[in-house]
Amino acid sequence: MTKEELENNYTYKVVCRVLKRQFPFITDISVSEEDLSKYKRSIFLNISVNPFVLGQMFGVKVASYVTRELERGNTYQTLYLSIMFGGFSSDEMHELQELIRKVIKTTTQSSSIPHEMRVYDKEFNIGDFFAHPDTLPPDITTIPN
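Per our numbering, the sequence shown starts with residue 11, numbered consecutively.
Next comes the structure, spelled out in structure tokens:
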């Protein structure tokens with residue numbers, strides 16, 4: 011399956027829509043062409059988030075090293091959400107990641123997705139989390155926390 015074929019797949023579109031609707035801090039979901047061909051049984055979803063919205067939801071401050079990277083115009087990438095917050099509220103972030111994983115699984119296994127539109131040979135999983143420079147608030151000094 012190519013990246014273009016996946017992006018046109020009904021199941022993929024539904025998963026993306028459900029995740030964005032249920033988790034307002036998720037700004038985009040993508041897949042890597044390299045990962046698609048590299049892994050035989052998994053499709054890793056790279057999830058772009060707005061860490062400032064997420065931090066506000068959980069009452070934690072975005073780690074200074076993340077903010078610095080974004081201010082430099084770089085994208086910050088991590089495997090774990092808690093790292094974006096310097097390890098604070100790691101239990102809550104771990105639970106949140108597990109909830110995202112469960113939503114992906116239940117959505118892909120939903121009976122509302124027609125059998126002919128499913129992806130049978132691969133399972134959707136969480137890949138990396140990304141924060142992009144465009145998520146920086148206009149005035150970084152006014153971030154609530």
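C-beta atoms are modelled at their ideal positions from N, C-alpha and C, and glycine is treated no differently.
All of these numbers come straight from a predicted model, not from anything done at the bench.
In this structure, the CA atom of Lys13 is about 7 Å from the CA atom of Leu46. Inter-residue distance for Phe54 and Pro147 is about 28 Å (C-alpha atoms, whole angstroms). In this structure Pro143 is in contact with Leu80, their Cβ atoms being roughly 5 Å apart against a cut-off of 8 Å. In the three-state DSSP reduction, Val59 falls in the strand class (E or B). In this structure, the alpha-carbon of Leu29 lies about 19 Å from that of Met127.
Inter-segment contact for the segment 97 to 115 and the segment 15 to 23 is absent: fewer than three beta-carbon pairs are separated by less than 8 Å. Closest option to Tyr49, judged by alpha-carbon separation, among Thr145, Phe139 and Phe134: Phe134. About 7 Å separates the CB atoms of Thr37 and Thr145; that is less than 8 Å, so the two are in contact.
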